[in-house]
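J.: As numbered in my numbering, residues 337 to 657 make up the sequence shown, in order.
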Amino acid sequence: LLGQNHFYGTPLNPQAPDRVPGGSSSGSASAVACGLVDFALGTDTGGSTRVPASNCGIWGFRPSHGFISLAGVNPLAPSFDTVGILAQNADVLARVGLVLLACAPAPTSSPCKVHLIHEGFALADTDVQQAMLEPVRRLRDFFGERVQELSLRDLAADKSARSFATWSDTFNVIQWAEIKSCLGAWIADAKPELGPDVAASFELANQLDRRRVAEALKRREQYFRSLHDFLGPHDLLCIPTTPALSPRKGDAPARSSSGSGYYPRTSALTSVGGIGRLPQVSLPVAHAGGVPVGLSLLARHGQDALLLELMKSLDQQQLCH
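#1: Assuming valine 509 and arginine 476 are in contact, meaning their beta carbons sit under 8 Å apart, how far apart are those beta carbons, in whole angstroms?
#2: Going by the CB atoms, is the gap between phenylalanine 416 and cysteine 448 shorter than 8 Å?
#3: Does the contact criterion of 3 or more C-beta pairs under 8 Å hold for the stretch 400-416 versus the stretch 451-466?
#4: What do you reckon, are the CB atoms on leucine 572 and leucine 631 nearer than 8 Å?
#5: Quick one: what's alanine 635 bridged to in DSSP?
#6: Within the chosen definition, does the stretch 421-439 reach the stretch 366-384 through at least 3 CB pairs nearer than 8 Å?
#7: From serine 603 to arginine 584, what does the alpha carbon distance come to, in whole angstroms?
#8: Just how far apart, CA to CA, sit alanine 526 and phenylalanine 507?
#9: For a minimum of 3 consecutive residues, which ranges assigned as the beta strand (DSSP E) are wholly contained in the stretch 399-445?
#10: Looking at C-alpha atoms only, which residue of Arg489, Phe560 and Glu539 is the closest neighbour of leucine 519?
#11: Compute the beta-carbon to beta-carbon distance between arginine 613 and phenylalanine 566, rounded to the nearest angstrom, for a pair I have assumed lies under 8 Å.
#12: Would you identify the three-state DSSP class for proline 579, choosing helix, strand or coil?
#13: Once you ignore the five residues that flank leucine 469 on each side, which residues in its own chain have a CB closer than 6 Å to its CB?
#14: Would you call the CB atoms of alanine 580 and valine 464 closer than 8 Å?
#15: Rounded to whole angstroms, what is the Cα-Cα separation between alanine 440 and aspartate 427?
#16: Quick check: the Cα distance between glutamine 558 and serine 618, rounded to an integer number of angstroms?
#17: So leucine 337 and glycine 358 are in contact, right, with Cβ under 8 Å, and what is the actual spacing, rounded?
#18: With DSSP as the reference, identify every bridge partner of lysine 585, one or two as the case may be.
#19: In three-state terms, what does DSSP make of phenylalanine 478?
#20: Is alanine 467 buried or exposed, if buried means 16 or more other CB atoms sit within 10 Å of its CB?
#21: Based on DSSP bridge pairs, tell me the residues matched to phenylalanine 397.
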């Protein structure tokens with residue numbers, strides 16, 4: 337999630353040079369944010385295009401799971417792996433997205449509801465919450481009374497789904513189990529040198545037991561079904577893309593799977609798209625203390641074209657900076 341490269345150095349975040357770009361698709365984000373390219377592809381399993389988009393002040397898109405081909409991409413956690421897009425502006429992102437999705441633009445005439453997830457905004461640091469006030473006001477101006485605040489308890493009847501910590505744990509357990517399944521044997525045989533973040537992930541994967549994985553798989557299907565049943569074909573969810581400003585270089589937060597640190601809170605926010613298999617776009621809406629922060633919109637599984645068209649409409653209404 338930090339985008340740091342232990343072996344080759346960390347790509348530049350031109351919007352905040354003293355801070356990390358976010359990752360893992362940090363090189364793609366840096367190239368776009370530096371103006372070297374109009375767009376770049378990245379992989380997004382647990383936030384790897386959405387987080388750097390927020391940190392670097394650019395546009396980022398994660399498609400519905402399975403909607404953009406992964407041919408030629410080495411698997412990491414196959415039930416979460418996607419190919420995402422990073423772009424300098426909404427028009428380029430939409431054009432590239434529609435090509436890769438192989439679909440036509442969706443009409444946006446139907447009324448849309450926007451559901452602000454209360455716990456998602458509550459997870460964010462105070463400076464990020466303050467930075468979100470104006471973009472949310474503009475959302476209300478654009479959608480009117482169709483912008484509503486809701487709680488996680490409104491999304492799922494299962495009591496366990498009422499805590500973002502459970503969403504994050506569910507996502508992480510399945511991700512680690514799949515990483516171990518895909519790469520564990522190769523790592524044991526080749527014994528490659530791993531960067532600290534990657535090594536920590538594999539250490540967590542090695543601590544899993546079958547019961548915990550089975551419980552997480554069951555919860556994921558419950559949460560996915562709840563999201564799918566709750567969201568209408570023109571509904572959106574809204575959360576901050578990240579809960580905090582991009583960490584400063586040399587001051588990387590400790591890798592942990594629980595608590596109130598950077599990793600568990602960021603994972604909690606990115607887990608909604610992963611568990612729900614939802615398309616998500618991170619919009620560059622604001623700065624806090626001169627550092628970019630993004631706001632995310634998520635649509636129902638399969639409603640990628642609608643999300644991209646709405647994103648363009650919001651950009652035309654000057655929601656984004």
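Just so it is clear, CB atoms sit at the ideal spot from N, CA and C, and this is done for glycine as well.
The structure displayed is predicted, hence computed values, not measured ones.
T.: Straight from the coordinates:
#1: About 37 Å separates the beta carbon of valine 509 from that of arginine 476, a gap too long to meet the 8 Å contact definition.
#2: Going by C-beta atoms, cysteine 448 is not nearer than 8 Å to phenylalanine 416.
#3: No, the stretch 400-416 does not touch the stretch 451-466.
#4: No, they are not a contact pair.
#5: Alanine 635 pairs with Leu572.
#6: The stretch 421-439 vs the stretch 366-384: in contact.
#7: Annotation: serine 603 to arginine 584 spans about 19 Å, alpha carbon to alpha carbon.
#8: Between alanine 526 and phenylalanine 507, the C-alpha separation is close to 27 Å.
#9: Fully enclosed beta strand (DSSP E) runs of no fewer than 3 residues occupy 419-423 of the stretch 399-445, in order along the chain.
#10: With distances taken between Cα atoms, leucine 519 lies closest to Glu539.
#11: With 8 Å as the limit, arginine 613 and phenylalanine 566 do not qualify as a contact, their Cβ atoms being about 14 Å apart.
#12: Residue state, collapsed to three classes: coil.
#13: Its chain contains no residue whose beta carbon lies nearer than 6 Å to that of leucine 469 once the 5 sequence neighbours on both sides are disregarded.
#14: Result yes, Cβ atoms of alanine 580 and valine 464 sit closer than 8 Å.
#15: Answer to the nearest angstrom: the Cα atoms are 14 Å apart.
#16: Cα atoms of glutamine 558 and serine 618: separation of roughly 26 Å, rounded to the nearest angstrom.
#17: With a beta-carbon spacing of about 6 Å, leucine 337 and glycine 358 fall inside the 8 Å limit used to define contacts.
#18: Residue pairing by DSSP leaves lysine 585 without any beta bridge partner.
#19: Reduced to three states, the DSSP call for phenylalanine 478 is helix.
#20: So alanine 467 ends up on the buried side.
#21: Its beta-bridge partners are Ile421 and Val617.
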